[in-house]
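Asker: If you count the sequence shown from 1, position 148 lands on 148 in my numbering, and the numbers rise without skipping.
In this text, a Cβ means the ideal position worked out from N, Cα and C, and glycines have one as well.
Please read these numbers as outputs of a predicted model, since none were measured by experiment.
Take this structure first; my questions come after.
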Amino acid sequence: QIALCIESYENAVSFGRLDQILYPYYKRDKEAGIISYEKAKELMALFILKMDEVILANDGDTYLGIGRLFETMSTDQSLTVGGLARDGKEATNDVTYMLLDVCELQPYAVNMTARIPAKSPDEYLERLAEVYINGAPMPALYNDEIYIDTLQRHYPVSVENARNYSIVGCVEPNASDDHFGNTDCANMNVVLPFLQALKGEEHDLWNFGFNEQLGKIFTKCVEYNFRRDNAFSRFILSKYTSARNRRKIKKASSSYNPPANMDELLERFQMRLNHLASSILADHQKIENEIRKNFPTPLASSLFKGCIESGKDVNECGATFNSSGIQAVGITDVADSLHAIHEVVYRKGLYTLRDIINAIDYDFEGERYQKIKSALLEVPKFGHDGSREAVEWVNRVMEIYVKALHSVENSPRDGIYTAGYYALNVSDVYGAKTPSLPSGRLKGVPLANSITPHYGMHTSDLLSSLNSVAGVDFAHYAPNGTTVTFTIDSALFQGPDGVRNLSGIISTYFKKGGMQFQPNVLNRELLLDAYKNPEKHKYLLVRVAGYCAYFYDLSDELKKAIINRTYYS
1 QIALCIESYE NAVSFGRLDQ ILYPYYKRDK EAGIISYEKA KELMALFILK MDEVILANDG
61 DTYLGIGRLF ETMSTDQSLT VGGLARDGKE ATNDVTYMLL DVCELQPYAV NMTARIPAKS
121 PDEYLERLAE VYINGAPMPA LYNDEIYIDT LQRHYPVSVE NARNYSIVGC VEPNASDDHF
181 GNTDCANMNV VLPFLQALKG EEHDLWNFGF NEQLGKIFTK CVEYNFRRDN AFSRFILSKY
241 TSARNRRKIK KASSSYNPPA NMDELLERFQ MRLNHLASSI LADHQKIENE IRKNFPTPLA
301 SSLFKGCIES GKDVNECGAT FNSSGIQAVG ITDVADSLHA IHEVVYRKGL YTLRDIINAI
361 DYDFEGERYQ KIKSALLEVP KFGHDGSREA VEWVNRVMEI YVKALHSVEN SPRDGIYTAG
421 YYALNVSDVY GAKTPSLPSG RLKGVPLANS ITPHYGMHTS DLLSSLNSVA GVDFAHYAPN
481 GTTVTFTIDS ALFQGPDGVR NLSGIISTYF KKGGMQFQPN VLNRELLLDA YKNPEKHKYL
541 LVRVAGYCAY FYDLSDELKK AIINRTYYS
């Protein structure tokens, strides 16, 4: 395993279904009296600990701040347990439970994942719930029926191979042991092409921004020269900032060309998103070509049946199945915005589309724009139980995104581009640079994390949010996976019924159609104390995104983001 990490970029080199691989050997040795459950568990824990030796080299101090997107991320070597066997039978075994025991030790580098089929035994579900209640933010949970369905829809695999899927990296499924899924190729902020469609802008987002950077440099010069904390400097800076913002808005507004109706808005959005996908993936294809030519991986390739048969490296299309995963950020934000526009502008006629555009340009400042914001916020958002329209808008935006990826030719490995929706820390980073939205979200506020309700746009009810997420058509639109990261008050699951209550929530959510679930089950007071007194909580492990990290190691900014996440109590 360590050799595979050394050979390649040491991120997301995953184990596969370790409980299924090791169980025959464990069973043989136990029956022969060579090993006991406890001794095997000790060896398993030492093996998992060994993975902590591989450190992900990730610089967060570059000019672009790329490291912030993956802050404190481990090597994220995913290990999958549970689920259906190739023949469709439920396949939990002693090694499955052994690895769940190891989860309670809270390993850092290994991303523990558990598959949950509809026929899961109560013992398995309750053990998973118990692990969470005991403080471990793992394993992440996966709905077997949804994952198997989506893999069969998007890849030419048999049901037997689809049942043998395992998770790579954060949440991405590989369809079989001969599938090379380059699962995290790019992140795409779908909010920006939506705003282009809304305002009628046509510049190339991927290459746009040089003049904006020059403007920022000039602004920094002004700020430096008037940096003294006195009335005159504050007056000059205030006047300059106000004039700059007015000029920026006036210049943009004069060129706006809003769509005539909802259909035109959606057509424009599809066109702009297609263009952005084409621009980004053209660069991605150049990268894949360079990797194919200059970075062979013979050890990894030797583990793929297709590579052995074809004599080709895994980067040269040697595997039988190939794909490249592209993550969308801001799906929920666009869906909530479209729903709000549809209701406020076209259904109720309260305001014109030009009114909405002006309001978001001014970040809803001023009495008139505050009234517009109130009207937009009154429209039920994704996460409000019973708002089927909000869920349908999410499905509509996901469909547009999938079509954009399908509009681009396959990767150099002849791999299809597959849609994923896990954000890592990208929703915070992108949100800081994203303008206000017709959903009522303000400029600079984090975007929604994956396909979950936007912060502050939901009800305070955990079940309402889960019901909304379960209504999304993941089988059609999420072949590269998604994350649902909620923070839940551990007090909800105390007492003799706690384990059964949490396992019941997980089971019901998956039966309704939820794809994935990875909660932090802890007390918010613990997080606040860990923030104020970090030395007392050096080894508090929390779920950040598709990976876990020590709260102590996080930046102050990311600590606050985790504390301020939706908290269900």
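Smallest Cα separation from S324: which of K348, Y417, D178 and I372?
Answerer: If you number the sequence shown from 1, residue 324 lands on position 324. Of the listed residues, the one whose Cα sits closest to S324 is Y417.
Asker: Can you list, in chain order, the residues of its chain whose CB lies under 6 Å from that of Q270, leaving out five sequence neighbours each side?
Answerer: Numbered from 1 along the sequence shown, position 270 holds the residue referred to as residue 270. The residues are I400.
Asker: With distance defined between alpha-carbon atoms, name the residue in Q285, Y455 and F180 nearest to D336.
Answerer: Working through the sequence shown from its first residue, we reach residue 336 at position 336. Among Q285, Y455 and F180, the Cα nearest to that of D336 belongs to Y455.
Asker: Taking the beta carbon of L64 as the centre, do at least 16 other beta carbons fall within 10 Å, making it buried, or is it exposed?
Answerer: Within the sequence shown, residue 64 is the residue found at index 64, counting from 1. Because L64 carries a pLDDT of 48, less than 50, the predicted location of this residue cannot be relied on, and the following value inherits that uncertainty. Answer is exposed; the Cβ neighbour count stays below 16.
Asker: As a quick exercise: from V168, G181 and A32, pick the residue whose alpha carbon is nearest that of Y155.
Answerer: Position 155 of the sequence shown, counted from the start, is the residue given in the question as residue 155. For Y155, the nearest C-alpha among the options comes from G181.
Asker: Is E570 helix, strand or coil by DSSP?
Answerer: Because residue 570 is not part of the residues shown, which for the chain are 1 to 569, the question remains open.
Asker: Give the DSSP-derived three-state secondary structure of K559 in the structure shown.
Answerer: Numbered from its first residue, the sequence shown carries residue 559 at position 559. K559 falls in the helix class under three-state DSSP.
Asker: Determine the contact status of Q285 and P412, defining contact as a CB-CB distance below 7 Å.
Answerer: If you number the sequence shown from 1, residue 285 lands on position 285. If you number the sequence shown from 1, residue 412 lands on position 412. Against a cut-off of 7 Å, the Cβ pair of P412 and Q285 comes out as a contact.
Asker: So F486 is in the beta strand (DSSP E); what residue range does that whole segment cover?
Answerer: Translated into the one-based positions of the sequence shown, residue 486 becomes position 486. Counting along the chain, F486 falls outside any beta strand (DSSP E), and DSSP gives it neither H nor E.
Asker: Report the option in E38, E123, I116 and Y142 whose CA atom is closest to the CA atom of V102.
Answerer: Here the question's residue 102 lines up with position 102 in the sequence shown. Of the listed residues, the one whose Cα sits closest to V102 is E38.
Asker: Hey, how far is the Cα of I21 from the Cα of V345?
Answerer: In the sequence shown, the residue the question calls residue 21 occupies position 21. In the sequence shown, the residue the question calls residue 345 occupies position 345. Cα to Cα, the separation comes out at about 57 Å.
Asker: Rounded to a whole number of angstroms, what is the C-alpha to C-alpha distance between L376 and G440?
Answerer: Mapped onto the sequence shown, residue 376 falls at position 376. Mapped onto the sequence shown, residue 440 falls at position 440. Going from the Cα of L376 to the Cα of G440 covers about 6 Å.
Asker: Where does T96 fall in DSSP's three states?
Answerer: Taking the first residue of the sequence shown as 1, we reach residue 96 at position 96. Helix at T96.
Asker: Does the separation of the CB atoms of V521 and S569 fall below 7 Å?
Answerer: Position 521 of the sequence shown, counted from the start, is the residue given in the question as residue 521. Position 569 of the sequence shown, counted from the start, is the residue given in the question as residue 569. Contact flag unset, no.
Asker: Could you check what DSSP says for I116 in three-state terms: helix, strand or coil?
Answerer: Your numbering for residue 116 matches position 116 in the sequence shown. Reduced to three states, the DSSP call for I116 is strand.
Asker: Taking the alpha-carbon positions, what's the L437 to K443 distance?
Answerer: Stepping through the sequence shown from its first residue, residue 437 is reached at position 437. Stepping through the sequence shown from its first residue, residue 443 is reached at position 443. Roughly 8 Å separates the two Cα atoms.
Asker: Would you report the Cα separation of G330 and C170, rounded to the nearest angstrom?
Answerer: Within the sequence shown, residue 330 is the residue found at index 330, counting from 1. Within the sequence shown, residue 170 is the residue found at index 170, counting from 1. Roughly 18 Å between the two C-alpha positions.
Asker: Less than 7 Å between the beta carbons of E104 and V131, yes or no?
Answerer: The sequence position of residue 104 within the sequence shown is 104, counting from 1. The sequence position of residue 131 within the sequence shown is 131, counting from 1. Contact flag set, yes.
Asker: Grouping DSSP H, G and I as helix and E and B as strand, with all else coil, what is D428?
Answerer: As a first step, residue 428 must be located in the sequence shown, where it is residue number 428. Residue state, collapsed to three classes: helix.
Asker: Could you tell me whether the region 353-368 touches the region 309-320, using the rule of 3 or more Cβ pairs below 8 Å?
Answerer: In short, these stretches do not touch, since the Cβ pair count stays below three.
Asker: If contact is defined by three or more beta carbon pairs under 8 Å, each pair taking one atom from either stretch, is the region 462-472 in contact with the region 503-513?
Answerer: Contact between the region 503-513 and the region 462-472 is present, because at least three Cβ pairs lie under 8 Å.
Asker: Count the other CB atoms, across all protein chains shown, that sit within 10 Å of the CB of L43; report buried if there are 16 or more and exposed otherwise.
Answerer: Here the question's residue 43 lines up with position 43 in the sequence shown. So L43 ends up on the exposed side.
Asker: Spell out the partners DSSP gives Y550 in its beta bridges.
Answerer: Residue 550 sits at position 550 when you count from the first residue of the sequence shown. Paired residue(s): L541.
Asker: From G16 to T352, what distance separates their C-alpha atoms?
Answerer: Here residue 16 is taken as the residue at index 16 of the sequence shown, counted from 1. Here residue 352 is taken as the residue at index 352 of the sequence shown, counted from 1. Looking at the two C-alpha atoms, the distance is approximately 53 Å.
Asker: Would DSSP call A328 helix, strand or coil?
Answerer: Taking the sequence shown and counting its residues from 1, the one referred to as residue 328 is at position 328. Strand.
Asker: Thinking C-alpha only, which one of I116, H275 and D385 is nearest Y165?
Answerer: As a first step, residue 165 is located in the sequence shown; it is residue number 165 there, counting from the start. The option with the nearest alpha carbon to Y165 is I116.
Asker: Are there 16 or more other CB atoms within 10 angstroms of the CB of F194, so buried, or fewer, so exposed?
Answerer: Here the question's residue 194 lines up with position 194 in the sequence shown. It is buried - the Cβ of F194 has at least 16 other Cβ atoms within 10 Å.
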